[in-house]
Amino acid sequence: WFGYGFGSSAMIGSYAVTVEGTDSSNLGVVERELTAKTGNDAPGTIVTYGTSSITTSGSTVTGSLELAYAAGGFDFSAFLNCEVDSIDLIAAIGSDTPMAYHASRMDAKTLTRESS
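When we follow my numbering, the leftmost residue of the sequence shown carries the number 162, and every step to the right adds one.
Right, here's the structure in full:
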């Protein structure tokens, strides 16, 4: 699995979008509202605010998620309306396809709009 979290510089409180599944032939895009994690269980509550799809080409997997403008979950509207120039972002990758504890993660980053 791999995924991104939006709206927080830490796992708790992030709106996460992950690509995961039972094996590499059965992957899907999963949305979660992340909460405290215990053990190796997948963290947070699964939510469905958008419509998703997966495209696989060789060893490359692309997950897409289409959200209505005010879909729920993390509110991207301030970023989309140029009211703020950045949002907090976290990312991680697992060692297998089912969601579990991450094998690696990046330090919290900021997704910043490019100035024109």
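Backbone N, C-alpha and C define an ideal beta-carbon position, used for all residues, glycine too.
### Query
What do you reckon, are the CB atoms on Gly255 and Phe167 nearer than 8 Å?
Not closer than 8 Å, so no.
### Message
Give me, in chain order, the residues of the same chain whose beta-carbon lies closer than 6 Å to that of Lys270; leave out the 5 immediate sequence neighbours on both sides.
### Response
Correct list, in chain order: Leu250.
### Query
Taking the DSSP output, what are the residues bridged to Glu275?
As far as DSSP is concerned, Glu275 takes part in no beta bridge.
### Message
Please list the terminal residues of the continuous alpha helix (DSSP H) segment that includes Ser238.
### Response
Segment Ser238 to Leu241, the alpha helix (DSSP H) holding Ser238.
### Message
Within 10 Å of its beta-carbon, does Leu188 have 16 or more other beta-carbons around it, so buried, or fewer, so exposed?
### Response
Its Cβ being crowded by 16 or more others within 10 Å, Leu188 is buried.
### Close-in-space but distant-in-sequence residues of the same chain around Leu228 (CB under 7 Å, 5 per side omitted)
Result list for Leu228: Tyr210 and Gly211, in chain order.
### Query
Helix, strand or coil: which one does DSSP assign to Leu250?
Leu250: strand per DSSP, three-state reduction.
### Query
Assuming Arg193 contacts Val180 under a Cβ cut-off of 8 Å, what Cβ separation, rounded to an integer in Å, is found between them?
About 12 Å separates the two Cβ atoms, so there is no contact after all.
### Message
Could you check whether the Cβ of Gly224 sits closer than 8 Å to any Cβ belonging to chain D?
### Response
Here chain D cannot be found, since the structure has a single protein chain.
### Query
Are the CB atoms of Ala252 and Tyr165 nearer to each other than 8 Å?
Yes; because the gap between Cβ atoms is below 8 Å, this pair is in contact.
#### Entry: Assigned exposure category for Ala264 - 16 Cβ within 10 Å defines buried
It is exposed - the Cβ of Ala264 has fewer than 16 other Cβ atoms within 10 Å.
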